[in-house]
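A short write-up of the structure that comes next.
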Amino acid sequence: MTTTRLLTATSLGLAMAATGLTAAVADDITIRWALHPGEEADAVIDHFAPEYERQTGVRIEGEILPPDQLRDRMSIEAIGGTGRWDMGYHSPGWFGSFRDHVVDLTPYVEEYDFDLDAYPELIRRSHMESSARPGEIIALPTTPAAPMLIAREDFFEHPDEQAAFEEQYGRALEVPNTWQELYEVAEFFTREAGETVAGETLEQDLYGWTDALGSGSGVARSFIVMLYSTGLEGWDEEYQTDLDHPILIEAAELFVDLANDVAPPAARNWDFLEGLSYFRDGRLAMATMWPQGLGTVEDASGVAAGNVLYQPHPAFEGNLKGYEQGVPFLGGGGVFIFDTPNSEEAFKFLKWMLQDNEIEWGERTQQFSREAHFSSEELRGLEDHYERFLPAYEQVLEQVFVRQGIPEYGTVMWQGTVDFATDVLSGDMTPEQAQDRWVRNMERTFQRAGYLER
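So, in structure tokens, the structure goes:
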């Protein structure tokens, strides 16, 4: 069900640094924004938009859409030229659907002195540029992100657990460094209510690991991390696919075993961050976490707060590239501006929010996109857990996959992963059948696009 929250002009009475804004002459300007749910959307709705309206008279209306509907609904409105939204959530793999409907931000960047150098090069390449619109700035990053592995420190460091694991598996109990080790460690920690863990009797079942495994974007977002960690890339410079490699089948079988054997059944209904409440409440030994879920994991009301280990995703043993850590795609998102009469006003709002108030943005959203969000002592000291989280997250970002910028990426790779992972996990197709379909569909798409001869 769609959740709509309209931003109001009610002043929150919150002080902000002077930015030179003056009250807008045209009080009838309304900027409409299609938002992805998360702490960043809440910060916009609860703080930034009301404050901007108080200062300028420009009204912002935000519509928070379900993640699994967001792309399709924005695409329908954009292609139909309805003008429903002036801004939309930008995920790099989606840009092919919107390339003809968004404005080039370069003139606005120059006119309003927007600092592109404030973003790391990798984020600029992933979230601000696209080969579908070469030489242009197609979006501004707000929540670029990559997932990581989290684990309960007290479980791993308890002497009883260490002794039991070494007896069972013949090696020391450590946060896993490979996906294959992840399965063993997760299997070890998967226990029923009434058993003990770290000297405490469990009141509810404990699961070894999970990610969001809901059919569609949830399971695709989870499996694609393992996919890239195998060393597969989808296709090469000549548009020849590598997805016919046997390592894809190996990864799929391991992924199914993880989902079936060590993850909570409820995970099949989770699309993104919902399952992190299990970790917060002591029902998971390990989990995949995107930075957008950091506030849930470290929620002071939970049992995990202050007791979390952070590290990059595991490597895939025998991967094709010699990777020593996992290779998630650089996901999360940003915002592009549709070609509407409000495009310039929309950019001015974004510049005010993201650049003029960048420390405030970092504090309220706990998102990391600009250099200052990593280097600012004020931000790094904001939360005690940043001392553990930020070094691990910076290590994650050292080896991520930037999605290829072709317009067809969303079709051949993202939707391809959705179809493959969903049908294999559900048992509707064998891994071999789903692999063959994926390869054939990719080749046909590349032929229609003119990259391959028919």
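Positions in the sequence shown are counted from 1; adding 730 to them yields our numbering. Positions of the beta carbon are idealized from the N, C-alpha and C atoms, including for glycine.
Whole-angstrom distance between ILE868 and THR752, CA atom to CA atom: Any answer about THR752 is weak, because its pLDDT of 47 lies below 50 and its placement is not dependable; what the coordinates show is given next. If I take the Cα positions, the gap works out to 27 Å.
In terms of alpha-carbon separation, which member of GLU770, THR812, PRO877 lies closest to GLN1055? PRO877
Decide if the region 1106-1115 is in contact with the region 835-848; the criterion is three or more beta carbon pairs, one per stretch, under 8 Å apart. no
Residues in the same chain with beta-carbon distance under 7 Å from GLU967, minus the five sequence neighbours each way, listed in chain order, please. none
Cβ-based neighbour list, GLU859, same chain, cut-off 8 Å, excluding 5 preceding and 5 following: GLU866, ILE867, ILE868, GLY1135
Rounded Cβ spacing between PRO1042 and ALA1122 (contact assumed at less than 8 Å): 7 Å
Supposed contact pair ASP758 and LEU1067 - C-beta distance, whole angstroms, cut 8 Å: Note that residue 1067 is Ile in the sequence shown here, rather than Leu. Actually they are not in contact, since the Cβ atoms of ILE1067 and ASP758 sit about 19 Å apart, beyond 8 Å.
How would you call THR931, buried or exposed, if buried means at least 16 neighbouring beta carbons within 10 angstroms? exposed
Residue nearest to PRO1044 in terms of C-alpha spacing, selected from LEU912, PHE953, ALA1164: LEU912
If contacts are defined as beta-carbon pairs under 8 Å, then GLY1023 and LEU1039 qualify, I think. What distance do you get, rounded to the angstrom? Going by Cβ atoms, the distance from GLY1023 to LEU1039 rounds to 15 Å, so no, they are not a contact pair.
Can you tell me whether ARG901 is buried or exposed? The criterion is at least 16 other CB atoms within 10 Å of its CB, across all chains shown. exposed
Write down the C-beta distance between VAL949 and LEU957 rounded to the nearest angstrom, noting that I regard them as a contact closer than 8 Å. Rounded, the Cβ-Cβ distance is 12 Å, inconsistent with contact.
For PHE1150 and ASP1001, I'd like the C-alpha separation in whole angstroms. 16 Å
Between which two residues does the alpha helix (DSSP H) holding VAL1185 run? A question about residue 1185 goes unanswered here, because the residues of the chain that appear run from 731 up to 1184.
Given a cut-off of 8 Å on the beta-carbon distance, is the pair SER945 and THR812 in contact? no
Minimum length 3: unbroken beta strand (DSSP E) runs contained in the region 968-1025: 1016-1019
Nearest neighbour of GLU841, chosen from ALA862, LYS1078, GLU791 [CA to CA]: LYS1078
Just curious, the alpha helix (DSSP H) that GLU793 is in, first and last residue? Where GLU793 is concerned, there is no enclosing alpha helix (DSSP H), although the beta strand (DSSP E) it sits in stretches over 789-794.
Give me the Cα-Cα distance between LEU903 and TYR1181, rounded to the nearest whole angstrom. 49 Å
For PRO837, does the count of other Cβ atoms within 10 angstroms reach 16, so buried, or fall short, so exposed? exposed
From the DSSP output, in three-state form, read off GLN934 for me. coil
By DSSP, does GLU925 sit in helix, in strand, or in coil? strand
DSSP state of ARG803, grouped into three classes? helix
Cα-Cα, which of LEU1050, SER821, ALA773, GLU1162 is closest to GLY1140? SER821
Beta-bridge pairing of LEU879 - partner residues as DSSP gives them: THR1018, GLN1041
Classify TRP939 as helix, strand or coil using the three-state DSSP reduction. coil
Whole alpha helix (DSSP H) runs in the region 1076-1133 with 4 or more residues, listed along the chain? 1088-1095, 1101-1105, 1107-1110, 1116-1126
Classification of ALA773 by the beta-carbon crowding that lies within 10 angstroms, buried from 16 upward: buried
Give me the Cβ distance between PHE828 and ALA808, rounded to the nearest whole Å; I'm assuming they're in contact under 8 Å. 6 Å
Quick one: complete alpha helix (DSSP H) runs, 4+ long, within the region 824-896? 836-841, 883-887
Between GLU770 and THR1026, is the Cβ-Cβ spacing less than 8 Å? no
From what residue to what residue does the alpha helix (DSSP H) around TYR958 run? 947-959
Using 8 Å as the threshold, is the C-beta distance between ALA1017 and TRP939 below it? yes
Euclidean distance between Cα positions of ARG789 and LEU1155: 45 Å
Own chain, CB closer than 6 Å to LYS1081, minus 5 neighbours either side, in chain order: TYR842, PHE844
How many Å lie between GLY1012 and ALA916 at the Cα? 14 Å
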